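Peer 1: Residue numbering for the sequence shown follows our numbering, starting at 2 and increasing by one per position. Beta carbons: idealized from backbone N, C-alpha and C, even for Gly. Predicted, not measured: the structure shown is a model, and the values here were computed from it. The structure follows.
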Amino acid sequence: MQSQAPPAKQKIIREIKPSPILQARTRNHKLRVAAYCRVSTDQEEQQTSIENQIAYYDDLIRSNPEWEYAGVFSDDGISGTRDENRPGFMEMIKQCKKGKIDMILAKSLSRFSRNTLQCISYIRMLKDRGIIIRFEKEGLDTSRVTSEIFFTWTSAFAQGESESLSNNVKWGKRKGYSQGKFAFPYKNMLGYKKGEDGEPEIVPEEAEHIKMIFNLFLLGRSIRQIKDALERRNILTPRGNTEWGLSTIEHILRNEKYMGDVLLQKSYTVDFLTKKKKKNNGELTQYYITDNHPAIIPREDFLNAQLELTRRNSKKKVSQKKTKSALGKYCSKYALSERLVCGECGSMYRRTTWAKKGKKKVVWRCISRLEFGTKYCQHSPTLL
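Spelled out as structure tokens, the structure:
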């Protein structure tokens, strides 16, 4: 006889009511709302635009009784392709990580970020923290869109738009270069200011500093000695600092603008996302304008400085035995340093001290004779 299966137990569903205390807290908690706005250039009309954006979001957040103002963060004249270079944006993210923001308002996805990977990364991170982002132009709300595909597409379009804009700007600049039109870098140069006619005008006091640099260099001073001389006189760098960098002085010595000329397209941007620049070694067309503006340094003196720079940077090493580098170190401590050449073997002369019978004598001697005796050079004279 087959046994009957025991009757199935009846499922019991029990409803657990939400905590009335937590519900009360949720009802009384205002949404902490922040906004982010950005313009990518520092032109006057853009300045007005960002001021209007800040005022708009400030009023929008404060006028909503269900919202609590959590700040309006902004970046002025900064590209949206590199988020880590946007201080306003990064401060907003910092506040989000501290749990001080519940929702972010932004004009559009492209204002939020033009880098697809970074944009999706931040959206994902903020969603994981329960933070909502609303994009006004696209009508998007991250709390309602469950799939990232739409955000990826939209952000990719924004990045493509940024790349297209970057290419248009490059084309416009290069077209201007071919016509001799460019922005003179007043902020990064000593000696010039923008004149009333819009053209470069010499600043007499700063021009004297530039002349001093060239004069000292042509007199044989090393770049380090010029640095010391500038700092002793409390002369400020082009950026207004008291401490001079060796590269800053060398840049001044190589800057053709000080003889009145301009070389355009010295460098170019390799990647519009990273903004990485590369020196133009012939990859792109360059344009050279002669006598573009008043010169501070006479052409002959400037060209002599270029020859001296080349000479110092291409010297043979001073010692075949001891010097590891293929280039010698320029030194102007003594008047004859790096200026005497052996007529027999072509080596430089070096200052050395001879000691004989307790007496010391300073002489100048061929380096080859000092290090190898008469093996390569047999008849070079010793100079007292």
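Closest to Ser-348 by CA distance: which of Ala-296, Phe-373, Tyr-193 is it?
Peer 2: If you number the sequence shown from 1, residue 348 lands on position 347. It is Phe-373 whose Cα lies nearest to the Cα of Ser-348.
Peer 1: Start and end of the alpha helix (DSSP H) containing Lys-228?
Peer 2: For the purposes of this step, residue 228 is identified with residue 227 of the sequence shown, where counting begins at 1. Here the alpha helix (DSSP H) through Lys-228 covers 224–233.
Peer 1: Return the chain-ordered list of same chain residues with a C-beta closer than 6 Å to the C-beta of Ser-369, the five sequence neighbours on each side being excluded.
Peer 2: Working through the sequence shown from its first residue, we reach residue 369 at position 368. Excluding positions up to five away in sequence, the list reads Cys-346, Ser-348, Tyr-377, Cys-378.
Peer 1: In whole angstroms, what is the alpha-carbon distance linking Glu-197 and Ala-71?
Peer 2: Start at 1 with the first residue of the sequence shown, and residue 197 comes out as number 196. Start at 1 with the first residue of the sequence shown, and residue 71 comes out as number 70. Each residue's Cα considered, the two are about 45 Å apart.
Peer 1: Skipping 5 residues on each side, what residues in its chain have a beta carbon closer than 6 Å to that of Leu-395?
Peer 2: Summary: the structure shown does not reach residue 395, with the chain confined to residues 2 through 385, and so no result is reported for it.
Peer 1: Do Gly-261 and Asp-292 have their C-beta atoms within less than 8 Å of each other?
Peer 2: Locating residue 261 in the sequence shown gives position 260, where the first residue counts as 1. Locating residue 292 in the sequence shown gives position 291, where the first residue counts as 1. Yes, the Cβ-Cβ distance between Gly-261 and Asp-292 is below 8 Å.
Peer 1: Assuming Leu-32 contacts Met-104 under a Cβ cut-off of 8 Å, what Cβ separation, rounded to an integer in Å, is found between them?
Peer 2: The residue given as residue 32 occupies position 31 in the sequence shown. The residue given as residue 104 occupies position 103 in the sequence shown. Between Met-104 and Leu-32 the Cβ distance is about 6 Å, and since that is below 8 Å, they are a contact.
Peer 1: Could you spell out where the alpha helix (DSSP H) holding Met-213 opens and where it closes?
Peer 2: On the sequence shown, residue 213 is found 212 positions in, with the first residue counted as 1. Run containing Met-213: 205–219, per the alpha helix (DSSP H) assignment.
Peer 1: Considering only C-alpha positions, which residue in the set Lys-128, Ile-224, Leu-237 is nearest to His-252?
Peer 2: Indexing the sequence shown from 1 puts residue 252 at position 251. It is Ile-224.
Peer 1: Looking at the unbroken beta strand (DSSP E) that takes in Ile-13, where does it start and where does it end?
Peer 2: As a working note, residue 13 is residue 12 in the sequence shown. Here Ile-13 belongs to no beta strand (DSSP E), and DSSP marks it neither H nor E.
Peer 1: So who's on the other strand from Leu-304, going by DSSP bridges?
Peer 2: Taking the sequence shown and counting its residues from 1, the one referred to as residue 304 is at position 303. Looking at the DSSP assignment, Leu-304 forms no beta bridge with any residue, so it has no partner.
Peer 1: Could you please give the first and the last residue of the uninterrupted alpha helix (DSSP H) stretch that includes Ser-111?
Peer 2: For the purposes of this step, residue 111 is taken as the residue at position 110 of the sequence shown. Looking at the DSSP string, the run of the alpha helix (DSSP H) that includes Ser-111 is 110–113.
Peer 1: For the alpha helix (DSSP H) that Ile-253 lies in, which residues bound it at each end?
Peer 2: To locate residue 253, count along the sequence shown from 1; it is residue 252. Unbroken alpha helix (DSSP H) run through Ile-253: 247–255.
Peer 1: Nearest by alpha-carbon distance to Pro-299: which of Lys-267, Leu-254, Gln-287, Pro-66 is it?
Peer 2: Counting from one through the sequence shown, the residue named residue 299 turns up at place 298. When only C-alpha atoms are compared, the closest one is Leu-254.
Peer 1: Closest by CA to Asn-189, which one among Arg-222, Ile-227, Tyr-259?
Peer 2: Position 188 of the sequence shown holds residue 189. Among Arg-222, Ile-227, Tyr-259, the Cα nearest to that of Asn-189 is on Tyr-259.
Peer 1: Tell me whether Tyr-37 sits in a helix, a strand or coil according to DSSP, three-state version.
Peer 2: Here residue 37 corresponds to residue number 36 of the sequence shown, with the count starting at 1. Strand at Tyr-37.
Peer 1: Please determine, among Phe-74, Leu-219, Asn-86, Glu-301, the residue with the shortest C-alpha to C-alpha distance to Ala-35.
Peer 2: What you label residue 35 is simply residue 34 of the sequence shown in a count that begins at 1. It is Phe-74.
Peer 1: Measuring CA to CA, which of Leu-247, Thr-286, Ile-250 is closest to Leu-264?
Peer 2: As a first step, residue 264 is located in the sequence shown; it is residue number 263 there, counting from the start. It is Thr-286 whose Cα lies nearest to the Cα of Leu-264.
Peer 1: Would you mind sorting Val-40 into buried or exposed? The rule is 16 or more other CB atoms within 10 Å of its CB.
Peer 2: Mapped onto the sequence shown, residue 40 falls at position 39. Val-40 should be labelled buried.
Peer 1: Going by DSSP, which residues form a beta bridge with Ala-56?
Peer 2: Your numbering for residue 56 matches position 55 in the sequence shown. Beta-bridge pairing links Ala-56 to no other residue.
Peer 1: Cutting at 8 Å between CB atoms, please list the residues of its own chain near Pro-7, excluding the five before and the five after it.
Peer 2: To locate residue 7, count along the sequence shown from 1; it is residue 6. Nothing meets the Cβ criterion.
Peer 1: Go ahead and pull the three-state DSSP assignment for Ile-62.
Peer 2: Against the sequence shown, residue 62 aligns to sequence position 61. Ile-62 falls in the helix class under three-state DSSP.
Peer 1: Restricting to runs no shorter than 4 residues, where is the alpha helix (DSSP H) found entirely within the region 81–106?
Peer 2: Whole alpha helix (DSSP H) segments, 4+ residues: 88–98.
Peer 1: Compare the Cα-Cα distances from Arg-313 to each of Trp-68, Pro-186, Arg-222 and report the closest residue.
Peer 2: Residue mapping note: residue 313 aligns to position 312 of the sequence shown, counting from 1. Minimum Cα distance to Arg-313 is reached at Arg-222.
Peer 1: Between the beta-carbon of Asp-76 and the beta-carbon of Phe-90, is there less than 8 Å?
Peer 2: Numbered from its first residue, the sequence shown carries residue 76 at position 75. Numbered from its first residue, the sequence shown carries residue 90 at position 89. Contact: yes.
Peer 1: For the beta strand (DSSP E) containing Leu-265, list its first residue and its last residue.
Peer 2: Mapped onto the sequence shown, residue 265 falls at position 264. Looking at the DSSP string, the run of the beta strand (DSSP E) that includes Leu-265 is 263–265.
Peer 1: Considering only C-alpha positions, which residue in the set Ala-230, Ile-297, Ile-55 is nearest to Glu-207?
Peer 2: Position 206 of the sequence shown, counted from the first residue, corresponds to residue 207. Nearest C-alpha to Glu-207: Ile-297.
Peer 1: Within a Cβ cutoff of 8 Å, which residues of the same chain sit near Gly-344, ignoring the five residues on either side of it in sequence?
Peer 2: On the sequence shown, position 343 is the one that residue 344 refers to. Answer for Gly-344: Ser-381, listed in chain order.
Peer 1: Determine whether the beta carbon atoms of Glu-257 and Thr-243 lie at a separation below 8 Å.
Peer 2: Position 256 of the sequence shown, counting from 1, holds the residue named residue 257. Position 242 of the sequence shown, counting from 1, holds the residue named residue 243. Taking 8 Å as the Cβ cut-off, Glu-257 and Thr-243 do not qualify as a contacting pair.
Peer 1: Given that a residue counts as buried once 16 or more other Cβ atoms are within 10 Å of its Cβ, and exposed if not, what is Arg-145?
Peer 2: Against the sequence shown, residue 145 aligns to sequence position 144. Classification for Arg-145: exposed.
Peer 1: Just to confirm my understanding: we take Cys-367, look at its own chain, exclude 5 residues before and 5 after, and list those with CB closer than 7 Å. What are they?
Peer 2: Taking the sequence shown and counting its residues from 1, one reaches residue 367 at position 366. These residues qualify, in order along the chain: Cys-343, Cys-346, Ser-348, Tyr-350, Cys-378, Ser-381.
Peer 1: Between which two residues does the beta strand (DSSP E) holding Arg-351 run?
Peer 2: The sequence position of residue 351 within the sequence shown is 350, counting from 1. 350–357 is the extent of the beta strand (DSSP E) around Arg-351.
Peer 1: Quick check on Leu-384: does DSSP put it in helix, strand or coil?
Peer 2: Translated into the one-based positions of the sequence shown, residue 384 becomes position 383. If DSSP states are grouped into helix, strand and coil, Leu-384 belongs with the strands.
Peer 1: If you reduce the DSSP assignment to three classes, tell me which class Cys-346 lands in.
Peer 2: Counting from 1 along the sequence shown, the entry for residue 346 is found at position 345. Coil at Cys-346, not helix or strand.
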